[in-house]
Amino acid sequence: MKTLAKLAGSAMIAGAMVAGAAMAQDKQSITTVVKITGEGWFVRMDEGVKAFDADNEAIDAVQVGPAQADAAQQARIIEDLVAKGVSAIAVVPMDPAALEGVLRRAQARGIKVIAHEGDSIVNADADIEAFDNAAFGRKINDGLAECMGGEGKWTSFVGSLGSLTHNIWADAGAESAAANHPGMELVAAKNESFNDANKAYDKAKEILRAYPDIKGFQGSSAIDVIGIGRAVEEAGLVGKVCVYGLGLPKDTGPYLESGAVNRIYFWDPKDAGYVMNVVAAKVLAGEEIADGADLGVPGYNAVTVTQGPGKGIIIQGAAWVDVGKDEYKNYPF
Amino acid sequence: MTDVPASAATPGLPARLWDLMGRRPELFTLALIVVTVIGVAIANPNFFAMNNVFDILRASVVRGIFAMGVLVVLAAGGIDVSFTAIAAFVMYALTMLVTNIFPGMPLWVILPLAALGGAVFGVINGLLVHSLRAPSLIVTIGTQYIIRSALLTFVGTALFMNLPASMEAFGKASLITWTGGTGVISTLPATVLVLVVVAFATWFILERTLMGRAIFASGGNPGIAERLGFNLFHIRLFVFGWAGLLAGIAGIVHVASNRLANPFDLAGMELEIIAAVVLGGARITGGSGTVIGTLLGVLLITLVSNVLVFVGIPSTLQLAIVGIFILIAGTIFALRQRN
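Taken in sequence, the protein lines are chains V and H. To convert, count from 1 in the first sequence and add 87; that's the working numbering. To convert, count from 1 in the second sequence and add 672; that's the working numbering.
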């Protein structure tokens, strides 16, 4: 069995090397590996990959991913790509640590590796982060402060007290409010929604009861604003209470329409998909990406470049998008 | 809150009262609720507002429906932790079916379908418990994982924001609308009626039918129950089926009042529901329990978990408070039952 597998493996590698050599002569290929296919977020990312493919005649760009969110299946797909001999792999890791081994093998074969949302990955040539998390939290709070007129009580929600990015956003928002708007008073900070809209709703109702004069909510989990929005809507407080936070356009749409949620913040996976391929192409061409470089995608016009945990670099954009009632339909995901 | 155990455990307390609570454990739950309410009202006098009462009732509905199913399983000497997974599966699959294929399906078709779907899962639980002769805790942990995984793998993971019109209307329907002094509107949702019907049906089964007697008998001592001529197989199918049926209904109520269907919802609620039933006076080892006590237990759990922000407890500390409360109440129950 083992010998058979080895034989089959070497046969595949041999075949792949021939194919790879043949491909290298005409076209470079970049494969984007996502966490799961079919989910709205990654369907949108595929649009970015397809757009890059259409814009670049010399490069073949496709997106693949497992049918379910499973780190082991994602690793197997990358293994196949290594065997196939693609020029570069752009990956949105399910579990960064689980991919290190297979990515190291990929790099040993001369395949370039680009990651997104995986700044802890050692075996990558570059990692792309849409934005600085603290700046994102401040950005949401700025919107909230403007809506509140810089005055009054407000509170924040997190998916859970253990989720790192949510806490960075909530803390940065709180710091920004304390520093810039002395009139804003943070009450009952960091309520946990456990990524459950119903829990967010219950907590929001309770806060409306405990602080009848509350003026603002800052949400962190994508469903926080949905639960808060429902509480605000049912309490007849639309227009009197400001609701800002991370959200997805399609899911939050009904509450943006009713005005219960004022503005949602996110990043566009289409741009992230496109920019991963831009970076892959640059790495393949041997171009260096310097601090302040323009990658030609909105939000990635002056990126910050820092050294990553391995030999690779971390590229950080300022690619947040914020939409209200009028613009959310431009982002169909 | 903390002076409850002290006063209840004092030997000087009239023995008559203690005896009464021995016979009617739900009175003890009621006493705990009263003490909690007084404690909260002292901390924040705004507690006695109509919108508060409405909100707590509203938050009790889904818990209450689940608890009725758990009560029946516990009374028969079993335990079920798969009901939240059943509810999540039924609510999500059914919402998907109605949205994509029969958008005009009225509620009087949706609710019975949900009950049927839940009952099928429940009966499978009963079959497994009986045929494998395994503890029902292990069996239902297994089925919980399988059902949840099947839901996420084969049915879907995305949120449903746009519910079918009939479900949306059901969730928004209100019995009473009340406007507070600050212009805040509160409504008593019509979903409360579902809990009323479910509670009455469960009471009727437990107290007025032969099956009810069989359930308590098998929970007290299955060997004797069998010798008395009760069919344990039928009892197990019935209790798990009933728990599943109610879980299906609870799922639809959850979706309708939440106005979205999220397949990740409801996970992790099992233990607080079981805690509520036990705090309502049912023995975890079976053979006892009342509908009214269970309803009071649900009210107690809802009350404690819904007033913490109101009293001003920071979010990092809230779970600990709920835990301490369950521990104290549970200890007193254990002491009382030992007497």
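Ideal Cβ placement from N, Cα and C applies to all residues, glycine included.
Count the other CB atoms, across all protein chains shown, that sit within 10 Å of the CB of residue i; report buried if there are 16 or more and exposed otherwise.
i: V869 (chain H); result: exposed
i: T825 (chain H); result: exposed
i: S858 (chain H); result: buried
i: Q816 (chain H); result: buried
i: D142 (chain V); result: exposed
i: F872 (chain H); result: exposed
i: T957 (chain H); result: exposed
i: L231 (chain V); result: buried
i: K114 (chain V); result: exposed
i: R695 (chain H); result: exposed
i: K199 (chain V); result: buried
i: S280 (chain V); result: buried
i: A109 (chain V); result: Annotation note: pLDDT 47 at A109 (chain V) (below 50); position unreliable, coordinate value reported separately. Result: exposed.
i: L971 (chain H); result: buried
i: Q394 (chain V); result: exposed
i: K398 (chain V); result: exposed
i: M722 (chain H); result: exposed
i: E942 (chain H); result: buried
i: V706 (chain H); result: exposed
What did DSSP end up calling residue i once you bin it into helix, strand or coil?
i: A111 (chain V); result: Reliability fails at A111 (chain V), whose pLDDT of 47 lies under 50, so the model's placement of it is uncertain and the value that follows must be treated cautiously. Reduced to three states, the DSSP call for A111 (chain V) is helix.
i: F244 (chain V); result: strand
i: Y764 (chain H); result: helix
i: E321 (chain V); result: helix
i: F738 (chain H); result: helix
i: Y288 (chain V); result: helix
i: N278 (chain V); result: strand
i: D691 (chain H); result: helix
i: F420 (chain V); result: coil
i: P385 (chain V); result: coil
i: A377 (chain V); result: coil
i: F832 (chain H); result: strand
i: K302 (chain V); result: strand
i: D219 (chain V); result: coil
i: M132 (chain V); result: helix
i: L335 (chain V); result: coil
i: F719 (chain H); result: helix
i: F353 (chain V); result: strand
i: M673 (chain H); result: Confidence at M673 (chain H) is low in this model, with a pLDDT of 42, below 50, so its placement is unreliable and no value can be given for it.
i: M777 (chain H); result: coil
By the criterion of Cβ-Cβ separation under 7 Å, what are the contact partners of residue i in chain V?
i: G855 (chain H); result: G323
i: N978 (chain H); result: D289 and E293
i: A731 (chain H); result: D289
Along chain H, in chain order, which residues have C-beta atoms closer than 8 Å to that of residue i?
i: N278 (chain V); result: V981 and S987
i: A275 (chain V); result: V981, G984, P986 and S987
i: R163 (chain V); result: Under the 8 Å cutoff, chain H gives no residues; its nearest Cβ is about 17 Å from R163 (chain V).
Relative to the C-alpha of residue i, which candidate in the options has its C-alpha closest?
i: G892 (chain H); options: H:I710, H:F719, H:A687 and H:A747; result: H:A747
i: G237 (chain V); options: V:V178, V:N267 and V:K226; result: V:N267
i: A760 (chain H); options: H:I773, H:V733 and H:F793; result: H:F793
i: F244 (chain V); options: V:V330, V:I165, V:F218 and V:E321; result: V:V330
i: A933 (chain H); options: H:P697, H:T1003, H:V770 and H:L918; result: H:V770
i: F910 (chain H); options: H:L882, H:L900, H:G923 and H:N930; result: H:L882
i: L766 (chain H); options: H:G913, H:H926 and H:Q990; result: H:H926
i: V149 (chain V); options: V:R350, V:I310, V:H253 and V:A175; result: V:A175
i: P396 (chain V); options: V:S207, V:P341 and V:P419; result: V:S207
i: A359 (chain V); options: V:G260, V:G125, V:C234 and V:F139; result: V:F139
Under 7 Å Cβ-Cβ, which residues of chain H neighbour residue i?
i: D338 (chain V); result: L831 and M833
i: I313 (chain V); result: L932
i: G127 (chain V); result: A830
i: D441 (chain V); result: Chain V is shown only over 88 to 420; residue 441 (chain V) falls outside these bounds and no answer can be derived.
i: R317 (chain V); result: R931
Below 8 Å on C-beta distance, what does residue i contact in chain V?
i: A713 (chain H); result: Result: empty, since nearest Cβ-Cβ is about 13 Å, beyond 8 Å.
i: T756 (chain H); result: Neighbours of T756 (chain H) on chain V: none; closest Cβ ~12 Å, over 8 Å.
i: T825 (chain H); result: Q155
Indicate, with yes or no, if the ligand ADP has a heavy atom lying under 6 Å from the CB of residue i.
i: P299 (chain V); result: This structure simply doesn't include the ligand ADP, nor any ligand for that matter.
Which whole-angstrom value describes the C-beta separation of residue i and residue j, a residue pair presumed to lie in contact below a C-beta threshold of 8 Å?
i: A158 (chain V); j: M181 (chain V); result: 4 Å
i: I737 (chain H); j: V949 (chain H); result: The pair is not a contact, with the Cβ atoms about 12 Å apart (cut-off 8 Å).
i: Y387 (chain V); j: V410 (chain V); result: 19 Å between Cβ atoms; not a contact.
i: S846 (chain H); j: I782 (chain H); result: Contact doesn't hold; Cβ gap of about 19 Å is too wide.
i: G741 (chain H); j: W914 (chain H); result: 6 Å
Name, please, each residue of chain V whose Cβ falls closer than 9 Å to the Cβ of residue i.
i: N772 (chain H); result: Per Cβ cutoff of 9 Å: no residues; N772 (chain H) is ~15 Å from chain V at best.
i: T859 (chain H); result: E321
i: D727 (chain H); result: D289, K292, E293 and R296
i: N893 (chain H); result: Correct list: empty, because the minimum Cβ distance to chain V is about 40 Å.
Could you name the residues of chain H that residue i contacts, counting a contact when the two beta carbons are closer than 9 Å?
i: L248 (chain V); result: S987 and T988
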